[in-house]
Amino acid sequence: GAVILPAAPGFYHQPQNIDDLVDFVVARILNLLNIPQDMLPRWGEHHFGVDD
């Protein structure tokens, strides 16, 4: 089978600049390939931060 991963960044995390948008797409690609990354939590996971 095939997986379609459009390079469509999410805006719900309130990106502040282009780098934030690129990081979002790169993090989703790495998650799909099961490569560890610490840019964003994987779908379904919640990482507690300073705001929590």
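Each residue of the sequence shown is one higher than the one before, counting from 237 in this note's numbering.
Here a beta-carbon is modelled for each residue, glycine too, at the ideal position from N, C-alpha and C.
Going by beta carbon distance, what residues of the same chain come within less than 6 Å of residue i, once the five residues before and after it are set aside?
i, result
"A263", "Q273, M275 and L276"
Taking a contact to mean a Cβ-Cβ separation below 8 Å, would you say residue i touches residue j in this structure?
i, j, result
"F260", "G280", "no"
"L268", "V239", "yes"
Can you tell me whether residue i is helix, strand or coil according to DSSP?
i, result
"I254", "helix"
"F247", "coil"
"D259", "helix"
"R278", "coil"
Cutting at 8 Å between CB atoms, please list the residues of its own chain near residue i, excluding the five before and the five after it.
i, result
"R278", "N267"
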